[in-house]
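Enquirer:
Protein chains: 2
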Amino acid sequence: MDKYMEIAKLNAEKGMKKQEGGPFGAVIIDLDGNVISTGNNKVFANNDPTAHAEIVAIRRACEKLKKYDLSDYILYTSCEPCPMCLSAIIWSNIKDVYYGCTRKDAGEIGFRDDAIYEYLKGNNKDLINLKPIDRDECMETFKKYVENEGIIY
Amino acid sequence: MDKYMEIAKLNAEKGMKKQEGGPFGAVIIDLDGNVISTGNNKVFANNDPTAHAEIVAIRRACEKLKKYDLSDYILYTSCEPCPMCLSAIIWSNIKDVYYGCTRKDAGEIGFRDDAIYEYLKGNNKDLINLKPIDRDECMETFKKYVENEGIIY
Numbered sequence: 561m562d563k564y565m566e567i568a569k570l571n572a573e574k575g576m577k578k579q580e581g582g583p584f585g586a587v588i589i590d591l592d593g594n595v596i597s598t599g600n601n602k603v604f605a606n607n608d609p610t611a612h613a614e615i616v617a618i619r620r621a622c623e624k625l626k627k628y629d630l631s632d633y634i635l636y637t638s639c640e641p642c643p644m645c646l647s648a649i650i651w652s653n654i655k656d657v658y659y660g661c662t663r664k665d666a667g668e669i670g671f672r673d674d675a676i677y678e679y680l681k682g683n684n685k686d687l688i689n690l691k692p693i694d695r696d697e698c699m700e701t702f703k704k705y706v707e708n709e710g711i712i713y
Numbered sequence: 561m562d563k564y565m566e567i568a569k570l571n572a573e574k575g576m577k578k579q580e581g582g583p584f585g586a587v588i589i590d591l592d593g594n595v596i597s598t599g600n601n602k603v604f605a606n607n608d609p610t611a612h613a614e615i616v617a618i619r620r621a622c623e624k625l626k627k628y629d630l631s632d633y634i635l636y637t638s639c640e641p642c643p644m645c646l647s648a649i650i651w652s653n654i655k656d657v658y659y660g661c662t663r664k665d666a667g668e669i670g671f672r673d674d675a676i677y678e679y680l681k682g683n684n685k686d687l688i689n690l691k692p693i694d695r696d697e698c699m700e701t702f703k704k705y706v707e708n709e710g711i712i713y
């Protein structure tokens with residue numbers, strides 16, 4: 561077994577404990593193979609629906625490195641990232657991800673990863689109700705940001 | 561202008577300040593219209609690529625309410641949620657979301673929301689490299705979770 565995936569799996573075993581969150585673990589390494597951070601699902605422990613293993617590991621790496629940009633780091637996760645985590649990984653600029661179980665495996669034990677993926681493909685339309693309002697007023701802030709040359713990332 | 565979207569917009573103006581994060585704001589209310597939490601983009605302020613306005617507001621609401629389930633709460637956001645935030649909203653069980661600017665508007669001022677949406681539809685394949693490894697070993701943890709009747713959410 562890959563030695564980094566083994567660390568991700570050990571974290572998944574931690575995440576599985578009662579009051580922790582779920583059987584998911586992750587680890588972030590640098591290009592020299594040094595472990596920067598680990599994470600396990602802490603949804604229950606932190607009362608935080610965003611505390612999936614990958615996001616916990618990303619937050620810890622960023623806190624440690626004092627930057628929000630993880631270009632040139634690599635993430636290992638015991639399960640294919642859900643769309644929230646996958647998008648978080650893209651926002652963090654991590655480019656290379658290794659995963660163990662698949663989204664289908666997560667779906668088969670009852671998690672909604674695959675349902676969210678389907679929504680994002682245009683299916684499962686009743687998963688959430690999104691309603692546009694007040695676009696003109698909200699656009700004023702965007703325009704000011706552009707005029708002030710705000711940072712884009 | 562809707563009074564809750566006005567609060568979201570005020571938060572977007574906060575998020576626009578230098579060293580804060582970006583021109584995005586959100587507010588979560590209960591079904592009686594009480595404000596539970598607000599949030600603005602804090603990617604720079606917190607060195608956290610996951611600190612988008614909606615996720616900041618969700619985490620604050622969950623911290624305040626001491627639960628990870630926000631069924632029966634409503635979210636207003638100054639811009640259509642990116643896939644990370646949209647998925648976080650679904651994981652939090654918020655069902656109703658009102659948004660101001662669109663993902664296209666965010667794309668036009670340079671943010672990658674739309675690029676990530678396209679990836680999730682099967683396009684932009686070079687945005688991230690996902691590689692499966694060690695599925696059999698990782699599945700052992702899933703199997704144990706099922707045997708132990710771990711909570712599914």
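Chains as they are written, first to last, in this note's numbering: chain Y, 561 to 713; chain X, 561 to 713.
Note that CB positions come from ideal geometry on N, CA and C, so glycine has one too.
1. When you compare the CB of residue 608(X) with every CB in chain Y, is at least one pair closer than 8 Å?
2. Along the segment 595–627 of chain Y, where does the CB come closer than 9 Å to a CB of chain X? Name the residues.
3. Using a beta-carbon distance below 8 Å, is residue 664(Y) in contact with chain C?
4. Check whether the segment 567–577 of chain Y touches the segment 629–649 of chain Y, counting contact only when three or more Cβ pairs, one atom from each stretch, lie closer than 8 Å.
5. Determine contact between the segment 612–624 of chain X and the segment 587–605 of chain Y, defined as no fewer than three beta-carbon pairs at a distance below 8 Å.
6. Can you list the residues of chain Y that residue 683(X) reaches, using a CB-CB cut of under 7 Å?
7. Here's the rule: buried if 16 or more other CB atoms are within 10 angstroms of the residue's CB, otherwise exposed. What is residue 682(Y)?
8. Going by the CB atoms, is the gap between residue 702(Y) and residue 583(X) shorter than 8 Å?
9. Is residue 713(Y) helix, strand or coil by DSSP?
10. Does chain X have any CB closer than 8 Å to the CB of residue 632(Y)?
11. At a Cβ cut of 7 Å, what residues of the segment 681–710 of chain X count as close to chain Y, listed as they run along the chain?
12. With H, G and I counted as helix, E and B as strand and the rest as coil, what does DSSP make of residue 605(X)?
13. Check this for me: beta carbons of residue 628(Y) and residue 589(Y), under 8 Å apart or not?
14. Would a C-beta distance cut-off of 8 Å place residue 595(Y) and residue 690(X) closer than the cut-off?
15. Along the alpha helix (DSSP H) that carries residue 680(X), what are the first and last residues, could you check?
16. According to DSSP, is residue 536(X) helix, strand or coil?
17. Which same chain residues, not among the five before or five after residue 674(Y), have their C-beta less than 8 Å away from its C-beta?
18. Does the beta-carbon of residue 581(Y) have 16 or more other beta-carbons within 10 angstroms, so that it is buried, or is it exposed?
19. Output yes if chain X places a C-beta closer than 8 Å to the C-beta of residue 660(Y); else output no.
20. Between the Cα of residue 724(X) and those of 617(Y), 697(Y), 609(Y), 649(Y), spot the shortest distance and give me the residue it belongs to.
21. Give the C-beta separation of residue 652(Y) and residue 642(X) to the nearest angstrom, bearing in mind that I take them to be a contact with Cβ-Cβ under 8 Å.
22. Just to make sure I have the definition right: I need the residues of chain Y whose C-beta is within less than 7 Å of the C-beta of residue 656(X). Which are they?
23. Cα-Cα, which of 634(X), 654(X), 661(X), 692(X) is closest to residue 661(Y)?
24. Are the CB atoms of residue 634(X) and residue 654(X) nearer to each other than 8 Å?
Expert: If we stick to the structure as given:
1. Locating residue 608(X) in the second sequence gives position 48, counting from the first residue. Yes, its Cβ sits closer than 8 Å to a Cβ of chain Y.
2. Residues of the segment 595–627 of chain Y that bring their beta carbon within less than 9 Å of a beta carbon in chain X comprise 603, 604, 606, 607, 608, 609, 610, 611, 612, 615, 618, 619, 622, 623, 625, 626, 627, in sequence order.
3. Reference to chain C is not applicable here, since the protein chains of this structure are Y and X.
4. yes
5. no
6. Locating residue 683(X) in the second sequence gives position 123, counting from the first residue. Those within 7 Å of residue 683(X) in chain Y number zero; the least Cβ separation is about 11 Å.
7. In the first sequence, the residue the question calls residue 682(Y) occupies position 122. Label assigned to residue 682(Y): exposed.
8. In the second sequence, the residue the question calls residue 583(X) occupies position 23. In the first sequence, the residue the question calls residue 702(Y) occupies position 142. Contact: yes.
9. Taking the first residue of the first sequence as position 1, residue 713(Y) is located at position 153. Of the three classes helix, strand and coil, the one that applies to residue 713(Y) here is coil, per DSSP.
10. Your numbering for residue 632(Y) matches position 72 in the first sequence. For residue 632(Y), the answer is no, since every Cβ of chain X falls outside 8 Å of its Cβ.
11. Listed in sequence order: 681, 687, 688, 689, 690, 691, 692, 693, 694, 695, 697, 698, 699, 701, 702, 704, 705, 706, 710.
12. Taking the first residue of the second sequence as 1, we reach residue 605(X) at position 45. Here residue 605(X) sits in coil by DSSP.
13. Residue mapping note: residue 628(Y) aligns to position 68 of the first sequence, counting from 1. Residue mapping note: residue 589(Y) aligns to position 29 of the first sequence, counting from 1. Their beta carbons are not under 8 Å apart, which means residue 628(Y) does not touch residue 589(Y) by this criterion.
14. Taking the first residue of the first sequence as 1, we reach residue 595(Y) at position 35. Taking the first residue of the second sequence as 1, we reach residue 690(X) at position 130. No, they are not a contact pair.
15. In the second sequence, the residue the question calls residue 680(X) occupies position 120. First-last of the alpha helix (DSSP H) with residue 680(X): 673–680.
16. This structure gives no information on residue 536(X), because the portion of chain X shown stretches from 561 to 713.
17. Indexing the first sequence from 1 puts residue 674(Y) at position 114. These residues qualify, in order along the chain: 663, 664, 666, 667.
18. The sequence position of residue 581(Y) within the first sequence is 21, counting from 1. Burial call: buried.
19. By one-based count along the first sequence, residue 660(Y) stands at place 100. By this cut-off, residue 660(Y) is an interface position.
20. Absent from the model: residue 724(X). The displayed extent of chain X is 561 to 713, so no value can be given.
21. Here residue 652(Y) refers to the residue found at position 92 of the first sequence. Here residue 642(X) refers to the residue found at position 82 of the second sequence. Not quite, the Cβ-Cβ distance comes to about 13 Å (not below 8 Å), so this is no contact.
22. The sequence position of residue 656(X) within the second sequence is 96, counting from 1. Simply 689.
23. Position 101 of the first sequence holds residue 661(Y). The residue with the shortest Cα to Cα distance from residue 661(Y) is 692(X).
24. Sequence index remark: in the second sequence, residue 634(X) carries index 74 (1-based). Sequence index remark: in the second sequence, residue 654(X) carries index 94 (1-based). Judged by their CB atoms, residue 634(X) and residue 654(X) are nearer to each other than the 8 Å cut-off.
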